[in-house]
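Asker: In my numbering, the protein residues as written are 22 to 932. Glycine included, C-beta positions come from ideal geometry on N, C-alpha and C. Note that this is a predicted model, so its numbers are computed, not measured. Okay, handing you the structure first.
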């Protein structure tokens, strides 16, 4: 019999989809739209392993399913192609990052096409392509030329703000601005010099330049995001990272904090992701007040607290090591100790300082602050559990009511005063006896009356650092005149990356762009030398897919009106407080300015789980080049070593392949069990170091892309973590061969029959149609694969080769295993792709039962099952039950007190 030839078939249909642009989305259509998207990948040199396509396969199934249902489907793919890895490779080798990136993208596309994804490749985007980053630069320009109006709760044109300044100054404006922005009148504004006006506007612009505390990595010569720092070292290269103040471009995302919080309520996202964003934004309602420094009348420490009712429990204060007052207030006696502590603390990331709750460290400054209520002097310390970027960078420590304050107090022997008992305030002068709520209100009133504080809403989220001292990123379209940043004119976009001799910072520590010859405007003004961060392009790419080739706009208005936003977004939860937050921010901004019709980019999101590797181990006898099989290893002193899973089959080592794997294995000896070497196994993260990475190309070569697709879905629910086990893939492969045989006779000839289908076959088919449709709509892909297997087994047992039944079966399996289904669909006599064939209509009549099997009980105990037609009268059921020998055995000659027959449910006899 002719078996299914997956290699030829898959290449045939992949070429067909390419040539015919089968999955091209229509720009205009009367069909309903559906936009499904994967988080686009960074193209690393390693290519894809089998864990990467998990989410891609799921979104592809949905895209194909929706297309069959009659939707106009947008399902694109692109590449997040700026990034630090390509730059580091360029530094090491001197090869331009664009070359490396292009090679990696080519490899990714080859792999993605091998898996048979239904992408509209005409809409591919790459963040490092000047035709794309032209519009990233354009969006930056709009951000620079905008301010946030709290009165209207939206971003507005900077010219509107200038008009306000000219008429009334800034005292009537409710705008997001820097904390140190002074009040000024219209007259003041008119008397400002041009430079002074620009400096003032920088305090309001959404994209602005200011001094900020950053993660500075001297070895890499760049600022790193919090995600790129672990335990005080860069994740890439393991270099020391320090906290440092630098002039940086930032984005005023904090102005959008309330809207970012509120918008979460309207999104169909995983609750843990929404909760991560809520915590990151960290809205707190409280009060801000000043603690005057003793003997320094012109200095005070500003603190924010949500529990001003505990003010009488304050026994000391703690400043962040980076706080601007540390150097000013530290006494000469404490100077060396403070400087030493600050130098150590600045090399620890904020994440470490937030999470290491049991670690206590600090140092006394020698200064004292005056308690604003009691006028007593309290010591001022510094401690790295206080963060410069949260609140004011200072805390009024109430050790009786805060765990970290208490740990600090106990460690350094500082006093603890109880101020709350059973929900009431105690030991607190005029607040004693009040509830917490009433005490907060009274304390706020007190500080506001005396001008030493005010009610305030605070956010944990800080404005986002936007610039990076790197080469491989989008140039910022800004030049400097007399130290003031100005935008290039739009006709100068894209501002393309210049050639440089090296991809390192200059000897003076300037960013790599300073190495470019004549990195200036035509008028000789210096261009910005920093580049944009990786999240710049990924914050808006989902809209570019709607209109990827447009040179006149980042997306044409009519196309944005049609596609709106992403209906289904699949990707990792690790991007919750990075990409997902920034893209929401940019979308709300572009909505405010009238460039988008939606204020959220992704309506529904699913976080796919991780496919973990299944590692294998060999056991080497210590001091020898001899390996002992797993079952015998306890008889020897051995070392456990990872071995390449690709030379292990069902945990049995291919000894010859092992000898050829590494030179040192060439002369290895083996102690076997039953003539075989059995390996150990364990589930771990898939990584090169563990030799458990499985390349999808290898799986496809051996089993085919459809087998890979089905097997990845069959492993378990999409959102869960699950181990990859190549040993289990054979069952999925055998299923596809069994599916193929339904259409062929014993001689391998394609044979299907016309005419009326068997009722049992129709029942099996329509049960599958109903289940699979439900599963795809609810993203339960693993149970669909089980349904396919059950249906194919049933039809095989029935020897069903009915054309109508098999045609519908092909249509429902097609989103999961498209290549084999395209081939069978063509063999069934169809000219168009199966993706154009529509989704079969479920008919509930075909799954209705003609009879019912009753459980029959005697005195409530189950004794037998009996099947009757659904329309059998109760009298006939009663006669048949009493005539049943199994029932007679339990009834015997006892009189029957009652017989309960519940139609189509149960029979119970009471004797």
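Would residue 757 pass as a contact of residue 727 if the rule is Cβ separation under 7 Å?
Answerer: For residue 757 and residue 727, yes; Cβs fall inside 7 Å.
Asker: What does the alpha-carbon distance come out to for the pair residue 202 and residue 86?
Answerer: Using only the alpha carbons, I get a separation of about 55 Å.
Asker: Whether or not the region 705 to 716 and the region 630 to 647 are in contact is what I'm after, with contact meaning three or more pairs of Cβ atoms, one per stretch, closer than 8 Å; do they touch?
Answerer: In short, these stretches touch, since the Cβ pair count reaches three.
Asker: Kindly indicate which three-state DSSP category residue 917 falls into: helix, strand or coil?
Answerer: Coil.
Asker: Identify the continuous beta strand (DSSP E) that holds residue 317 and give its terminal residues.
Answerer: Counting along the chain, the beta strand (DSSP E) containing residue 317 begins and ends at 317 to 326.
Asker: Buried or exposed, going by whether 16 or more other CB atoms sit within 10 Å of the CB of residue 926?
Answerer: Exposed, by the Cβ-count rule.
Asker: If we call anything under 7 Å between Cβ atoms a contact, is residue 548 one with residue 500?
Answerer: In contact: residue 548 and residue 500 (Cβ atoms closer than 7 Å).
Asker: State the Cα-Cα distance for the pair residue 52 and residue 843, rounded to the nearest angstrom.
Answerer: Cα-Cα distance, rounded: 23 Å.
Asker: With burial defined as no fewer than 16 other Cβ atoms inside 10 Å of the residue's Cβ, what is the status of residue 771: buried or exposed?
Answerer: It counts as exposed.
Asker: Roughly how many whole angstroms lie between the Cα atoms of residue 614 and residue 277?
Answerer: Going from the Cα of residue 614 to the Cα of residue 277 covers about 14 Å.
Asker: Check whether the Cβ atoms of residue 338 and residue 417 lie closer than 7 Å to each other.
Answerer: Taking 7 Å as the Cβ cut-off, residue 338 and residue 417 qualify as a contacting pair.
Asker: Give a yes or no on whether 7 Å exceeds the smallest Cβ distance from residue 141 to chain D.
Answerer: Checking the listed chains, one finds no chain D in this structure; it contains a single protein chain.
Asker: Between residue 182 and residue 228, how many whole angstroms is the CB-CB distance? I'm expecting something under 8 Å.
Answerer: Incorrect: roughly 14 Å between the Cβ atoms, too far for contact.
Asker: Determine, using beta carbons only, whether residue 469 and residue 475 come nearer to each other than 7 Å.
Answerer: It is a contact, given that the beta carbons lie within the stated cut-off.
Asker: In its own chain, which residues sit with a C-beta less than 6 Å from the C-beta of residue 34, not counting the 5 before and 5 after it?
Answerer: Counting only Cβ-Cβ distances below 6 Å, and skipping sequence neighbours, we find 840, 843.
Asker: Which runs of the alpha helix (DSSP H) fall wholly inside the region 811 to 860 and span at least 4 residues, in chain order?
Answerer: Here the runs fully enclosed are 824 to 834, 839 to 848.
Asker: Give the range of the beta strand (DSSP E) segment to which residue 633 is assigned.
Answerer: 632 to 642 is the span of the beta strand (DSSP E), which, as asked, contains residue 633.
Asker: For residue 774, does the three-state DSSP call read helix, strand or coil?
Answerer: Three-state result, residue 774: strand.
Asker: For residue 65, tell me which candidate among 897, 744, 128, 877 has the shortest Cα-Cα distance.
Answerer: If we check each option's Cα against that of residue 65, 128 comes out closest.
Asker: Among 863, 924, 820, which one has its Cα closest to the Cα of residue 873?
Answerer: If we check each option's Cα against that of residue 873, 924 comes out closest.
Asker: Quick check: the region 354 to 363 against the region 314 to 330, are there 3 or more CB pairs under 8 Å?
Answerer: Short answer: they don't touch.
Asker: Give every residue of the same chain whose Cβ lies closer than 6 Å to the Cβ of residue 413, excluding the five residues on either side of it in the sequence, and list them in chain order.
Answerer: Cβ within range, chain order: 323, 324, 325.
Asker: Using DSSP with H/G/I as helix, E/B as strand and the rest coil, what is residue 3?
Answerer: In this structure the chain extends from 22 to 932, so residue 3 is not present and cannot be described.
Asker: Between the region 120 to 136 and the region 173 to 190, do at least 3 Cβ pairs fall closer than 8 Å?
Answerer: Result no; under three Cβ-Cβ pairs closer than 8 Å.
Asker: Helix or strand or just coil, what does DSSP make of residue 586?
Answerer: Here residue 586 sits in coil by DSSP.
Asker: Compute the Euclidean distance between the alpha carbons of residue 838 and residue 734, then round it to the nearest angstrom.
Answerer: Computed Cα separation, rounded: 11 Å.
Asker: Nearest CA to the CA of residue 773: which residue from 738, 794, 816, 743?
Answerer: Nearest of 738, 794, 816, 743 to residue 773, Cα basis: 816.
Asker: Excluding sequence positions up to five away, which residues of its chain have a Cβ less than 8 Å from the Cβ of residue 109?
Answerer: Closer than 8 Å at Cβ, skipping near neighbours: 241, 257, 258.
Asker: Taking residue 334 as the reference, which of 260, 250, 448 has the closest Cα?
Answerer: Considering only alpha carbons, the answer is 448.
Asker: Let's test the definition: count the other Cβ atoms within 10 Å of the Cβ of residue 171 and tell me whether it reaches 16, buried, or not, exposed.
Answerer: With fewer than 16 Cβ atoms within 10 Å of its Cβ, residue 171 is classed as exposed.
Asker: Could you tell me whether the region 147 to 165 touches the region 548 to 564, using the rule of 3 or more Cβ pairs below 8 Å?
Answerer: At 8 Å Cβ cutoff, the stretches touch.
Asker: Given a cut-off of 7 Å, decide if residue 567 and residue 580 are closer than it, judged by their beta-carbon atoms.
Answerer: In contact: residue 580 and residue 567 (Cβ atoms closer than 7 Å).
Asker: Given a threshold of 16 other Cβ atoms within 10 Å of its Cβ, counted over all protein chains shown, does residue 582 qualify as buried or as exposed?
Answerer: It counts as exposed.
Asker: Are the CB atoms of residue 297 and residue 597 nearer to each other than 7 Å?
Answerer: Against a cut-off of 7 Å, the Cβ pair of residue 597 and residue 297 comes out as a contact.
Asker: How big is the Cα-Cα spacing for residue 938 and residue 565?
Answerer: The shown model of the chain, from 22 to 932, leaves out residue 938, and the question about it has no answer.
Asker: Please name the residue in 932, 589, 784 whose C-alpha comes closest to that of residue 870.
Answerer: The shortest Cα separation from residue 870 among 932, 589, 784 belongs to 784.
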